[in-house]
Structure formats: structure tokens, C-alpha cells
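Basically this note's numbering = 1-based index in the sequence shown + 22.
Just so you know, even glycine gets a beta-carbon here, dropped at the ideal spot from N, CA and C.
Computed from a prediction, not measured in an experiment: that's the story for all the values here.
Report on the structure given below.
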Amino acid sequence: MALEHAILVSLLEKPGSGYELARRFDRSIGYFWTATHQQIYRVLKRMEGDGWIDVRQVSQQARPDKKEYSVAEPGRAALAEWLHEPIEQESVRHELAVKIRGAAFGDPAALIQEIERHHQAHADRLAHYLAGELRDFTGPTAPAVPDAGQELQHAVLRGGIAYERMTLAWLEDVLATLRRLDARR
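So this is what it looks like as C-alpha cells:
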């Protein structure tokens with residue numbers, strides 16, 4: 023997937039400025055596809071040149087004018103074409119898993135703090151996902167009848183929730199194993 027496709031999806035969900043788009047990457051889409059603010063602005067400029075997005079100047083009081091981006095017809099066509107392309111099987115590079123295996127040849131207890139740090143990060147992300155789900159999809163302010171975009175956003179979020187729960191269970195298993203091995207020493 024190219025960054026262009028992630029930007030198209032985000033702009034179809036809601037047009038916005040480059041700054042707003044970068045903030046969305048920091049808050050939501052960035053959990054699945056990361057990009058720096060510089061990369062986003064560089065790609066926006068290229069997409070504008072290719073005619074994939076439209077840009078309009080929006081005046082603001084007490085602030086400089088901003089550019090608001092939205093998806094143009096050629097961008098919609100590019101996204102539609104991309105949606106039909108097969109996805110290559112992703113290879114997984116997981117440094118933590120290699121370190122865990124390597125602990126058999128060193129000090130397993132040395133990894134406990136690192137595993138605990140990862141566990142906390144995943145617990146924090148799960149809490150963030152669950153709060154977002156309550157706010158946007160299951161709580162009292164959620165739409166009674168979500169549109170297709172909302173339903174698919176929720177499906178992706180449910181996948182993120184399931185992934186974080188699975189990762190937490192795995193990290194808890196790893197911690198128990200490391201502690202058991204340390205106790206044997």
C-alpha cells in the first residue's frame with residue numbers, strides 16, 4: 023500500500039487540511055499506517071499535481087488561510103482500482119520475538135522489564151481503542167444506524183481491539199515463562 027491510498031481513505035472519510043490529516047495519522051490511521059508530517063505534505067503535493075485531490079483555500083480569522091484537501095474523481099478512480107488489487111502476504115519482522123528466543127542463550131530475567139514495558143504500551147493502546155469504540159460506535163452518542171463508512175471503521179477498530187487483546191495475552195504468557203525460568207536459576 024502506498025501512502026497515497028491511506029490519504030485518499032482519510033480524505034474520503036473527511037476532507038481537511040494537511041495539518042488535520044497529519045493529526046488523524048497521529049490519532050487513528052497511524053495505528054495501521056504511519057507517516058511523518060513531512061511525508062504527508064510531500065505526498066499531498068504530488069497527489070494535487072496528479073489531479074487526485076482538489077484543494078481550496080479556506081480563510082480563517084486571526085490565522086493564515088489554510089488549504090483544505092478533498093478527493094477528486096481521478097483519486098476516487100485510483101482508490102477503486104487499488105481496492106481490486108490483491109495484497110501480498112505480509113512478512114512479519116518482530117524483534118521482540120527474536121529477543122525472547124534469544125533469551126534461552128542469555129539471561130531470561132533480563133527481558134522481564136522490556137516485556138512489561140511492551141505489555142503496558144499494548145494495554146494503553148487497548149484502553150484507547152475501547153474508549154474510541156464507546157465514544158464513536160457503542161455509547162449513547164453513537165449513531166443508531168451507522169453508515170457503511172462507520173461500519174467498516176468499526177470493523178477495523180474491532181480488529182485492532184482483538185489484536186491488542188491477543189498481544190496482551192501472549193505477553194502475559196511470555197512474562198510467566200520468563201519468571202518461571204528465572205526462578206529455576
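>> On the CB-based measure, 16 or more other CB atoms within 10 Å of its CB, does residue 81 come out buried or exposed?
In response: Taking the sequence shown and counting its residues from 1, one reaches residue 81 at position 59. Exposed is the call here.
> Which partner residues does residue 103 have in the DSSP bridge list?
Replying inline: Reading the sequence shown from its first residue, position 81 is the one you call residue 103. Paired residue(s): none; residue 103 is not in a bridge.
>> Suppose you measure from the CA of residue 159 to the CA of residue 95; what does that come to, to the nearest Å?
In response: Position 137 of the sequence shown, counted from the first residue, corresponds to residue 159. Position 73 of the sequence shown, counted from the first residue, corresponds to residue 95. Roughly 30 Å between the two C-alpha positions.
> DSSP puts residue 91 in a beta bridge; with which residues?
Replying inline: By 1-based counting over the sequence shown, the position of residue 91 is 69. Paired residues: 38 and 77.
>> Buried or exposed, going by whether 16 or more other CB atoms sit within 10 Å of the CB of residue 73?
In response: Walking along the sequence shown from the start, residue 73 turns up at place 51. Exposed is the call here.
> In chain order, what residues of the same chain have a beta carbon less than 8 Å from the beta carbon of residue 99, not counting five sequence neighbours either side?
Replying inline: Here residue 99 is taken as the residue at index 77 of the sequence shown, counted from 1. Once the five neighbours on either side are set aside, residue 99 has no close Cβ partner at all.
>> My output table needs one value for residue 125: the three-state DSSP class, helix, strand or coil.
In response: Sequence index remark: in the sequence shown, residue 125 carries index 103 (1-based). It is helical.
>> If you measure between the beta carbons of residue 90 and residue 39, is that distance less than 8 Å?
In response: By 1-based counting over the sequence shown, the position of residue 90 is 68. By 1-based counting over the sequence shown, the position of residue 39 is 17. Their beta carbons are under 8 Å apart, which means residue 90 touches residue 39 by this criterion.
> Would you call the segment 172-192 and the segment 138-147 in contact, with 3 or more CB pairs under 8 Å?
Replying inline: yes
> The alpha helix (DSSP H) spanning residue 139 covers which residue range?
Replying inline: One-based indexing of the sequence shown puts residue 139 at position 117. Looking at the DSSP string, the run of the alpha helix (DSSP H) that includes residue 139 is 134-155.
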